[in-house]
Amino acid sequence: METPDSSADLIATYLPEDATEDIRRIVTTRWLMGGLVLAATAFCAHVLRLPLPEAGLYLTGLVILAYNALLVWLIRQRPLRAGSLRWTVDLQIGLDWLAMVFFLHLTGGITSPAIPFFVIHMLLVTILLPGRSAYLYLGLAVALLSLLALLERSGLLPHYNVIPALPSELYRDLNYIGAQVGFFTLASCAIVYLATAIMARLRERERQIGALFEATQAVSSTLSPNEVLERLARNAAHALSMPGAAIRLLAEDGKSLRLTAAYGLSRAYLDKGPVELPRSRLDREALSGQPVIVSDAPRDERIQYPREVEEEGIRSILVVPIAGRRGPLGVLRIYSDKPNSFTLSDAGFALAIARQGAAAIENALAYEALQKSEQARAQFVRTVTHELRAPVGGAQSLLRVMLRGLAGDLTEQQRDILNRLEVRLDSLMTLINDLLELAATKTAILREPLIEMPLQPVVQRVVDLLTHEAAEKPVALTLEMPPEPLVVHATEEGLVRIFSNLIGNAVKYTPAGGQVQVKAAKVNSGVEIRVADTGIGIPADELPRLWQEFFRARNAKQAGISGTGLGLSIVKQLVEQFGGTIHAESVEGEGTTFTIILPLREK
Amino acid sequence: MAKILIIDDDPDMVLAARLCLERAGHTLIEARNGTEGLEKVKTENPDLIILDVMMDSTTEGFHVALALRSRDPNSEYAAYAHIPIIMLTAIHSTLSLRFGPEEDYLPVDEFIDKPIDPDDLVNKVEKLLNKGK
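Chains as they are written, first to last, in our numbering: chain A, 1 to 603; chain B, 604 to 736.
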C-alpha cells in the first residue's frame, strides 16, 4: 500500500483547537497553583506557625506566576500550529518541574507532604504528550525526586524540616526514601497508563467526528459524485488511521462490483480484475446488510483475490454495505496492513461514513435518471413537433395555393369554404405551437442557462416586429425606456416570448383607434415593465383565473378574437423562472395593464 | 423557364410547390428522399434545388445539403455545388435553431418557412435564379 499523508497533516486536521483549549486550561490552573503556593505559605507560616523557609517559597510562587504570564504572552504572539505545539509543551513541563522540585525541596524534600502534587502533574503531562513520551518524562520525574532525596541526604543540599513532629533524621533513612520513591513511581505509572488509554480513545473519537463532519461537508459540496466518493474513501481511511480504502458500487446487473473510488492502493491492485459476487463471499455477506471483518486477509477463504491481497500488503479488511433507500448500492472497504486491526466500533463508524456515501450516490443517480427522462421528453417533443406540424403545414400550403387561384378559378362559395378551412388550420397550427411551447417551458432543467443581458434591445425588437400589425388596425404602439442598460438574468428566447405575447395580446385585444403603451423603468432593485392597452379588458371576476392554462375570458371569445389561452400561463412561468413577478389590472371595456418586475443585475 | 428539383417526402407539399412554380413557368422534378434526390441532381442537373429539412430521419435534409456543398474537391457532387438551394423548414422559435446562409454548418442559400406562401416561394426562386446569371 502507499504511504498515507504525513501524520503532521493528521494532527493539524484533528487537533489544533483541542490543544489550544487544553493549554488555556493548564495556564489557568497554573495561576491557581502559583497563588495557592503564596497563600498556603502565608497560612502555614503565620497561622499554623510551621517553620517554613518563607522567602524561598514566596519566590517560588512568584516565579510560577511570572513564567505563566510569560507563557500567556508567548501564546498571544503566535497562534499555535502543529509544529510549534511541541516546544511550548516541553518548556511548560520543564519549568513546572523546576518549580515543583524547588517547592518540594523547600517543604521537606523526600518528607514533603506535597509529593502527591508531583504525581498529579503526571496527568497533565500525559494530556499534553500522547504515547511513549509521557513514560519518558515519568522516568525523568523519578530520577529528579531520587536525586533530590540523595542530595539532601548527603548534605549537599540543606534540608528543611517543616513539620516539627516528624523525626529529624527521617529524610536520611534509605528505607523511607525507597518507599516514597517507590510509591511515587507506582502511582505515576498508574496515572500515566490510565490517562494514556483515555486520551487515546478521546483522540480516536475526535478523529472520527472530524471525519464524519468532513464527509457530510463533502457530500453537500458541489463536487462531482466521483470526487465526493474519493473524499469519503480517504476520510474513512484517515479516521480509522488505516492506509487504504475503496468504494465499489453494484453494477446494473447486480452481479459484480465496479470500482468507483479508492485511496492508498496501488494501481496494480486496483486493476486486478472485476469483483464478481458469486466468487466473493466477503462482498455477498456485506451486501446482505452486515459489516464484515476479515482479521487475516491472505488466509481468508471469503476473498476472491487472495494472492493480490497478499502482494499488496493487506492483512485485515473491514467491509460495510452502503445502504440506499431501496437496497444496497455497494460496499465500502477499509484496508489495514496489520492483522486483527478492526473492532466492532470501527465497523459502526464505517457504516456512518457509508451512509453519507449512500446519500451522495443516490443524489447522483437521481440526477442522472432525471436528465435521461428530460432528454427523452425533449426528444418526444421534437418528434411530436414534426409529426403534428408536417401534415398541418402541408394542408395549409395547398390551401394557400388554391386560394391564390393556382389550381383554377374559384366560385364565391368555394373561396368561402377554403377561407374557413384556412382559419381552422391556422388555429390548429397555433394551438400545436402553443402546446409544444408549454411542454418545453415546463421542462426547466435542461433549458438554456440564464445569462445576464440588457432588457431594452429585446423589447425594442418585439415592438418593431409588431409595429406593422398595430399600424394596420390602427392601434398606436408606443415605447418608453431609459437609455442606460437595464440588466436582467434571463434568456433571450424567454424574453422574446414574454413580450411578444404581452404586447401582441395588447394589440390583438385593442380595437381600432386605441393605444398600447410599453414602459420600462428602474424601480428600487428591480426593473418594472408595464404593458398598458385601451382594449376590451378582463372582467373582474375572471382576473384571478387569468393565468390558468387554456383560460380565455368570456368577452374575448365574444369579441371573436382567436386565441388558445396558453400564452399567459407560459409568460407567467417564464417570468417566475427569471426570478420576477407579474401582475394584471383591468377594467372591462376600458383596458388592461400588465406589470412585470424583474430583479436587476448590477453590471 | 428553369428546371427545379424538389426533394421532399410530403406529397402535399410537392403538389403545392408544383402548382406555384408551374404556373410561373418552371418545370418541376421531384424526389422522395435524400438518396433519390442526390441521384437526380446528377442525372437531371437542375437549375435550382428545393430541399425539405426533415424527411425520414431528422437530419436527412442537412445531410443532403452538406453532401452537395462538400468542401472536399474530390466529392462526386463537386460539379453541382453551385446550384442554388432553398431549404423548406418548420422553423419556429421553440426550436431556437438559428442558422442562415452565412453559417458554416448549413450551406444553403435561402430558407422558406412552412406552410409556404406561394408569392414568397416564387420570388425567392426567381431571385436565386437571376443571381446565377
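Backbone N, C-alpha and C define an ideal beta-carbon position, used for all residues, glycine too. Just so it is clear, the structure is predicted and the values come from calculations on it, not from any experiment.
CB-CB length for residue i against residue j, believed under 8 Å
i, j, result
"A297 of chain A", "S316 of chain A", "6 Å"
"L654 of chain B", "A668 of chain B", "6 Å"
"V89 of chain A", "L128 of chain A", "5 Å"
"T592 of chain A", "I538 of chain A", "6 Å"
"V294 of chain A", "R302 of chain A", "7 Å"
"D650 of chain B", "I607 of chain B", "7 Å"
"V475 of chain A", "Q515 of chain A", "6 Å"
"V125 of chain A", "A187 of chain A", "That pair is no contact at about 14 Å."
"L600 of chain A", "V487 of chain A", "7 Å"
"T510 of chain A", "L450 of chain A", "32 Å between Cβ atoms; not a contact."
"L466 of chain A", "I503 of chain A", "6 Å"
"G61 of chain A", "V37 of chain A", "4 Å"
"V319 of chain A", "L282 of chain A", "6 Å"
"A559 of chain A", "I536 of chain A", "6 Å"
"K604 of chain A", "I561 of chain A", "Residue numbering for chain A in the displayed model covers 1 to 603; residue 604 of chain A lies beyond these limits and cannot be assessed."
"Y160 of chain A", "G108 of chain A", "6 Å"
"P53 of chain A", "L106 of chain A", "5 Å"
Bridge-paired residues (DSSP) for residue i
i, result
"G244 of chain A", "A:Y335"
"G591 of chain A", "A:V587"
"G408 of chain A", "A:L406"
"R258 of chain A", "A:L249"
"I715 of chain B", "B:L691"
"T581 of chain A", "A:I597"
"Y263 of chain A", "A:A245"
"D655 of chain B", "B:L691"
"K606 of chain B", "B:T630"
"E452 of chain A", "A:H489"
Checklist entry - Unbroken alpha helix (DSSP H) runs of length 4 or more, entirely within the stretch 276-358 of chain A: which are they? => result Taking only runs of at least 4 residues, the alpha helix (DSSP H) segments lying wholly in the stretch 276-358 of chain A are 281-287 and 306-312.
Item to check | Against chain A: residues of the stretch 710-735 of chain B by CB proximity under 8 Å | outcome: Considering only beta carbons, the part of the stretch 710-735 of chain B lying closer than 8 Å to chain A consists of K717, P718, I719, D720, P721 and D722, in chain order.
Checklist entry - Of all the beta strand (DSSP E) runs that stay within the bounds of the stretch 477-545 of chain A, which reach a length of 3 or more residues? => result Qualifying beta strand (DSSP E) stretches, in chain order: 487-490, 515-523 and 526-533.
Item to check | Contact list for the stretch 621-644 of chain B against chain A, Cβ threshold 8 Å | outcome: Going along the stretch 621-644 of chain B in chain order, one finds L622, C623 and R626 with a Cβ nearer than 8 Å to chain A.
Checklist entry - What residues in the stretch 386-419 of chain A have a beta carbon less than 7 Å from any beta carbon of chain B? => result Here the close residues are H386, R389, A390, G393, G394, A395, Q396, S397, L398, R400, V401, R404, L406 and A407.
Next on the checklist: For the pair the stretch 608-615 of chain B and the stretch 391-411 of chain A, tell me if three or more CB-CB distances fall below 8 Å.
Outcome noted: Flag = yes, the stretch 608-615 of chain B and the stretch 391-411 of chain A touch.
Next on the checklist: Closer than 8 Å between beta carbons: that is the criterion. Which residues of the stretch 663-692 of chain B meet it against chain A?
Outcome noted: Taking 8 Å as the cut-off between beta carbons, none of the residues of the stretch 663-692 of chain B comes near chain A.
Checklist entry - Which whole runs of the alpha helix (DSSP H) in the stretch 105-138 of chain A are 4 residues long or more, in chain order? => result Complete alpha helix (DSSP H) runs here, min 4: 115-128.
Next on the checklist: If contact is defined by three or more beta carbon pairs under 8 Å, each pair taking one atom from either stretch, is the stretch 148-156 of chain A in contact with the stretch 171-185 of chain A?
Outcome noted: Because the criterion of three Cβ pairs below 8 Å is met, the stretch 171-185 of chain A and the stretch 148-156 of chain A touch.
Checklist entry - Are the stretch 242-259 of chain A and the stretch 195-214 of chain A touching by the rule of at least three beta carbon pairs closer than 8 Å? => result Contact fails: fewer than three Cβ-Cβ distances are below 8 Å.
Next on the checklist: So within the stretch 617-646 of chain B, which uninterrupted beta strand (DSSP E) runs reach at least 3 residues, ignoring any that extend past its ends?
Outcome noted: Runs found: 630-634.
Next on the checklist: Against chain A, which members of the stretch 604-621 of chain B pass a CB distance test of less than 7 Å?
Outcome noted: Within the stretch 604-621 of chain B, the qualifying residues are D613, D615, M616, L618 and A619.
Checklist entry - Is there contact between the stretch 232-240 of chain A and the stretch 339-357 of chain A, where contact requires at least three CB pairs shorter than 8 Å? => result Contact holds: three or more Cβ-Cβ distances are below 8 Å.
Next on the checklist: My parser needs the alpha helix (DSSP H) runs of 4 or more residues fully inside the stretch 31-107 of chain A; what are they?
Outcome noted: Counting only runs of 4 or more, we get 54-77 and 82-106.
Item to check | Given 8 Å, three or more beta-carbon pairs between the stretch 218-235 of chain A and the stretch 250-262 of chain A | outcome: Using a Cβ-Cβ distance cut-off of 8 Å, the stretch 218-235 of chain A and the stretch 250-262 of chain A are in contact, since at least three pairs of beta carbons, one from each stretch, lie closer than that value.
Next on the checklist: Does the stretch 564-574 of chain A come into contact with the stretch 547-556 of chain A, if we say contact requires no fewer than three beta-carbon pairs (one atom in each stretch) closer than 8 Å?
Outcome noted: They touch, by the three-pair rule.
Checklist entry - How do the stretch 375-390 of chain A and the stretch 323-334 of chain A stand: do at least 3 beta-carbon pairs fall below 8 Å, yes or no? => result By the Cβ criterion, the stretch 375-390 of chain A is not in contact with the stretch 323-334 of chain A, since fewer than three pairs of Cβ atoms, one from each stretch, lie closer than 8 Å.
Checklist entry - Between the stretch 709-726 of chain B and the stretch 682-689 of chain B, are three or more C-beta pairs nearer than 8 Å? => result Three or more beta-carbon pairs drawn from the stretch 709-726 of chain B and the stretch 682-689 of chain B are found closer than 8 Å, and the two stretches are therefore classed as touching.
Next on the checklist: Can you confirm whether the stretch 248-256 of chain A touches the stretch 272-279 of chain A when touching is taken to mean that 3 or more C-beta pairs between the two stretches lie within less than 8 Å?
Outcome noted: In this structure the stretch 272-279 of chain A lies against the stretch 248-256 of chain A, because at least three pairs of beta carbons, one per stretch, are closer than 8 Å.
Item to check | Cβ contact (3+ pairs, closer than 8 Å) linking the stretch 93-101 of chain A and the stretch 132-152 of chain A | outcome: Cβ pair count under 8 Å is three or more, so yes.
Next on the checklist: Report the start-end ranges of each alpha helix (DSSP H) in the stretch 187-234 of chain A that is 4 residues or longer and not cut off at the edges.
Outcome noted: Taking only runs of at least 4 residues, no alpha helix (DSSP H) segment lies wholly in the stretch 187-234 of chain A.
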